[in-house]
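S.K.: Listed in order, the protein sequences are those of chains B and S.
When we follow this note's numbering, the leftmost residue of the first sequence carries the number 45, and every step to the right adds one.
When we follow this note's numbering, the leftmost residue of the second sequence carries the number 45, and every step to the right adds one.
2 protein chains.
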Amino acid sequence: MTTRRTVFFVSDRTGITAEALGLSLLTQFTGFDFKKRTLSFIDSEEKAHSAAEQVRHASEKDGVAALIFSTQITDEYRDILIESGGVMFDFFESFISKMEQTLGTESSHAAGRSHGIDRDSNYSGRIHSINFALNNDDGATTKYYEEADIILTGVSRSGKTPTCLFLALQYGILAANYPLIEEDLNTHKLPEILRNHKEKLFGLSINPVRLHKIRSERRGNSRYASLDQCQREVRRAEEIYHSNKVRFVDTSQVSIEEIATIILDKTGLKRRY
Amino acid sequence: MTTRRTVFFVSDRTGITAEALGLSLLTQFTGFDFKKRTLSFIDSEEKAHSAAEQVRHASEKDGVAALIFSTQITDEYRDILIESGGVMFDFFESFISKMEQTLGTESSHAAGRSHGIDRDSNYSGRIHSINFALNNDDGATTKYYEEADIILTGVSRSGKTPTCLFLALQYGILAANYPLIEEDLNTHKLPEILRNHKEKLFGLSINPVRLHKIRSERRGNSRYASLDQCQREVRRAEEIYHSNKVRFVDTSQVSIEEIATIILDKTGLKRRY
Chain B
45 MTTRRTVFFV SDRTGITAEA LGLSLLTQFT GFDFKKRTLS FIDSEEKAHS
95 AAEQVRHASE KDGVAALIFS TQITDEYRDI LIESGGVMFD FFESFISKME
145 QTLGTESSHA AGRSHGIDRD SNYSGRIHSI NFALNNDDGA TTKYYEEADI
195 ILTGVSRSGK TPTCLFLALQ YGILAANYPL IEEDLNTHKL PEILRNHKEK
245 LFGLSINPVR LHKIRSERRG NSRYASLDQC QREVRRAEEI YHSNKVRFVD
295 TSQVSIEEIA TIILDKTGLK RRY
Chain S
45 MTTRRTVFFV SDRTGITAEA LGLSLLTQFT GFDFKKRTLS FIDSEEKAHS
95 AAEQVRHASE KDGVAALIFS TQITDEYRDI LIESGGVMFD FFESFISKME
145 QTLGTESSHA AGRSHGIDRD SNYSGRIHSI NFALNNDDGA TTKYYEEADI
195 ILTGVSRSGK TPTCLFLALQ YGILAANYPL IEEDLNTHKL PEILRNHKEK
245 LFGLSINPVR LHKIRSERRG NSRYASLDQC QREVRRAEEI YHSNKVRFVD
295 TSQVSIEEIA TIILDKTGLK RRY
């Protein structure tokens with residue numbers, strides 16, 4: 045039997061950081077039914093009181109105190125949350141004193157700064173990166189490969205598009221991708237356009253059984269989705285990577301975030317933001 | 045004059061969480077030139093020693109201890125990092141004891157769990173959401189609007205595409221978007237296809253001067269990018285939102301993450317993951 049506990053992620057901004065660290069901590073505890081609620085933009089006394097009320101209500105309903113994962117910066121609103129009786133995990137205050145000591149200066153304690161700095165250039169740059177990924181998706185065009193930071197390649201459904209989009213959104217990287225289609229694979233050679241950009245090239249591979257499963261969801265009972273076809277395509281793609289010394293990663297067991305970060309790690313490619 | 049300090053984000057996985065919280069904390073301190081290095085996948089003794097060596101080297105070069113923001117789960121590797129002499133901000137260990145007390149159980153202390161759970165359904169679901177956003181971008185088709193969780197609308201370059209992609213990637217939400225083009229705006233009416241889905245509709249607006257700037261980067265000196273045109277389009281779009289009671293948000297001063305989270309906050313739309 046699992047125990048139900050309500051968990052709140054509270055922030056004066058989006059709550060994305062509180063969610064990320066909180067969820068990571070929660071995965072360390074099994075046997076619980078964690079009911080998760082995100083309270084974003086808690087940036088006024090009224091909203092802080094409303095958030096505290098929700099914590100109080102959930103704790104009563106569960107019969108045990110709710111957990112609060114907070115990146116709330118404003119002391120006043122934090123105090124209101126603590127009065128709710130929830131158990132506070134303060135992702136901000138826990139570190140700020142030690143940071144003040146380490147850096148030998150006081151923190152500005154300014155709410156909402158996390159996205160405030162350099163917003164203009166960051167925003168334009170990321171939009172540019174996203175548009176680049178969209179315009180250079182799936183080999184749609186190859187004429188901007190000079191501008192690309194990286195060019196992903198791999199068979200259909202190996203994870204190229206989501207990885208490019210994540211690289212763009214999270215890191216502002218200019219990521220293009222080029223599909224290895226059957227005609228390419230049958231030549232046993234790297235397509236010529238990719239041969240000219242080998243230093244930017246990174247391959248994706250995938251377990252053929254998993255690929256078969258993914259393709260079947262899209263087009264069941266097709267030759268495209270058949271296990272035989274998936275096995276042949278993956279084998280030939282990996283042969284091409286090996287014979288051309290193209291670095292590659294197996295995407296079968298990892299998340300989109302992990303694929304993207306592995307690529308940064310292995311290539312030494314710098315985050316633009 | 046700014047003081048240089050090197051900051052390391054260290055993780056046994058991607059380091060994305062360590063970066064998010066660490067960067068947020070750093071924005072509270074001005075007057076420093078923070079040199080940032082992310083060390084991902086520090087999941088062996090050898091890699092931990094190599095990471096510690098980099099911390100030692102940076103501290104010597106700066107003449108002052110580097111900062112380490114860590115979500116490292118394995119005690120042994122954490123200890124190796126601490127021996128480097130860097131100042132450790134431990135985003136994991138700082139909370140895990142209090143969580144064990146609160147939940148009345150021991151943590152599993154298992155590395156790499158954060159992305160391990162339910163990976164298959166999460167991955168497939170997110171890929172589906174990303175493909176949905178791509179296939180239903182910019183009004184390309186409207187026939188899947190029944191399936192959509194949300195339909196964004198707004199003038200060209202108001203932020204629809206990146207917001208839809210972020211909603212898909214981060215939250216697994218099925219987000220379509222439909223552009224308000226000049227022909228639509230001239231009718232002073234909500235396009236008919238959107239009238240049928242008003243409950244799913246969310247508008248984006250933008251400061252006309254900012255829109256003029258964004259459009260000029262793309263097509264300078266065009267009628268499309270002219271301030272006059274931008275002012276007229278934004279005014280008419282907002283008139284349409286008001287007369288049809290379409291909720292909307294001004295995207296001018298906020299990040300993509302914030303636009304997406306504001307939409308969740310205002311609509312009560314549930315995250316799928």
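For every residue, glycine included, the Cβ atom is placed at its ideal position computed from N, Cα and C.
May I ask which residues mark the beginning and end of the alpha helix (DSSP H) holding S319 (chain S)?
M.R.: With chain S represented from 45 up to 317, any question about residue 319 (chain S) goes unanswered, as that position is not in the structure.
S.K.: Using 7 angstroms as the limit for Cβ to Cβ distance, is E282 (chain S) near chain D?
M.R.: This model lacks chain D altogether; the protein chains it does include are B and S.
S.K.: Using 8 angstroms as the Cβ pair cut-off and three pairs as the minimum, do the region 238 to 249 of chain S and the region 289 to 301 of chain S touch?
M.R.: These segments touch.
S.K.: Are the region 214 to 227 of chain B and the region 253 to 262 of chain B touching by the rule of at least three beta carbon pairs closer than 8 angstroms?
M.R.: no
S.K.: Between I60 (chain B) and L209 (chain S), what straight-line distance do the alpha-carbon atoms span, to the nearest angstrom?
M.R.: Pairing I60 (chain B) with L209 (chain S), the inter-Cα distance amounts to about 16 angstroms.
S.K.: Report, in whole angstroms, the separation of the C-beta atoms of V99 (chain B) and L125 (chain B), which I expect to be a contact under 8 angstroms.
M.R.: 7 angstroms
S.K.: If you measure from the beta carbon of G195 (chain B) to each beta carbon in chain S, is any gap under 7 angstroms?
M.R.: Just to set this straight, residue 195 (chain B) is Ile in the shown sequence, not Gly. It does not: the Cβ of I195 (chain B) has no partner Cβ on chain S nearer than 7 angstroms.
S.K.: Assign S94 (chain B) to one of three DSSP states: helix, strand, or coil.
M.R.: helix
S.K.: So is V293 (chain S) in contact with chain B if we call contact Cβ pairs under 7 angstroms?
M.R.: No, no contact with chain B.
S.K.: Looking only at C-alpha atoms, which of B:R316, B:K79 and B:F85 sits nearest to V298 (chain S)?
M.R.: B:F85
S.K.: Taking the alpha-carbon positions, what's the Q275 (chain S) to S138 (chain S) distance?
M.R.: 51 angstroms
S.K.: Given a cut-off of 7 angstroms, decide if F113 (chain B) and A62 (chain B) are closer than it, judged by their beta-carbon atoms.
M.R.: A contact, by the Cβ cut-off of 7 angstroms.
S.K.: Of all the beta strand (DSSP E) runs that stay within the bounds of the region 244 to 273 of chain B, which reach a length of 3 or more residues?
M.R.: 245 to 249
S.K.: Let me know the secondary structure DSSP gives K187 (chain S) once reduced to three states.
M.R.: Judged by DSSP in its simplified three-state form, K187 (chain S) adopts coil rather than helix or strand.
S.K.: I'd like the span of the alpha helix (DSSP H) that includes K204 (chain B), first residue to last.
M.R.: K204 to Y215
S.K.: So which residues on chain S does L65 (chain B) lean against when the C-beta distance must stay under 7 angstroms?
M.R.: T61, L65 and F135
S.K.: Look at the Cβ atom of E301 (chain S), then the Cβ atom of S249 (chain S), and state whether they are nearer than 7 angstroms.
M.R.: no
S.K.: Let's test the definition: count the other Cβ atoms within 10 Å of the Cβ of I237 (chain S) and tell me whether it reaches 16, buried, or not, exposed.
M.R.: exposed
S.K.: Kindly list, in the order they appear in chain B, the residues whose Cβ is closer than 9 angstroms to that of I300 (chain S).
M.R.: The answer, in chain order, is Y167, R170, I171, I174 and L213.
S.K.: With a 10 Å radius around its C-beta and 16 neighbouring C-beta atoms as the bar for buried, classify R57 (chain S) as buried or exposed.
M.R.: Buried, by the Cβ-count rule.
S.K.: Cutting at 8 angstroms between CB atoms, please list the residues of its own chain near S151 (chain B), excluding the five before and the five after it.
M.R.: I140, M143 and E144
S.K.: Along chain S, in chain order, which residues have C-beta atoms closer than 7 angstroms to that of H153 (chain B)?
M.R.: Q72
S.K.: Say whether chain S places a C-beta atom closer than 7 angstroms to the C-beta of D309 (chain B).
M.R.: yes
S.K.: Using a C-beta cutoff of 7 angstroms, does S68 (chain S) count as contacting chain B?
M.R.: Closer than 7 angstroms to the CB of S68 (chain S) there is at least one CB belonging to chain B.
S.K.: Quick check on R48 (chain S): does DSSP put it in helix, strand or coil?
M.R.: strand
S.K.: I'd like to know whether the C-beta atoms of D77 (chain S) and T46 (chain S) end up nearer to each other than 7 angstroms.
M.R.: yes
S.K.: If you follow the beta strand (DSSP E) that K79 (chain S) is in, where does it begin and where does it stop?
M.R.: K79 (chain S) -> beta strand (DSSP E) spans F76 to L83.
S.K.: Could you confirm whether any beta carbon from chain S is found closer than 7 angstroms to the beta carbon of S88 (chain B)?
M.R.: It does not: the Cβ of S88 (chain B) has no partner Cβ on chain S nearer than 7 angstroms.
S.K.: Please report how far the alpha carbon of Y215 (chain S) lies from the alpha carbon of R81 (chain B), in whole angstroms.
M.R.: Separation of Y215 (chain S) and R81 (chain B) (C-alpha to C-alpha, rounded to the nearest whole angstrom) is 13 angstroms.
S.K.: Quick one: what's got a C-beta closer than 8 angstroms to T311 (chain B)'s C-beta in the same chain, skipping five residues either side?
M.R.: I194, F246 and R291
S.K.: Within 10 Å of its beta-carbon, does A184 (chain S) have 16 or more other beta-carbons around it, so buried, or fewer, so exposed?
M.R.: exposed
S.K.: Tell me, please, whether the CB atom of T46 (chain B) is closer than 7 angstroms to any CB atom in chain S?
M.R.: no
S.K.: Closer than 8 angstroms by beta-carbon distance: list the chain S residues that pair up with K142 (chain B), in chain order.
M.R.: V131 and F133
S.K.: What span of residues does the beta strand (DSSP E) with L111 (chain S) cover, start to end?
M.R.: Where L111 (chain S) is concerned, the enclosing beta strand (DSSP E) stretches over L111 to S114.
S.K.: Considering Cα atoms alone, identify which of S:K79, S:K91, S:A64 and S:D123 is closest to K105 (chain S).
M.R.: S:K79
S.K.: Taking only three categories from DSSP, how would you classify I300 (chain B)?
M.R.: helix
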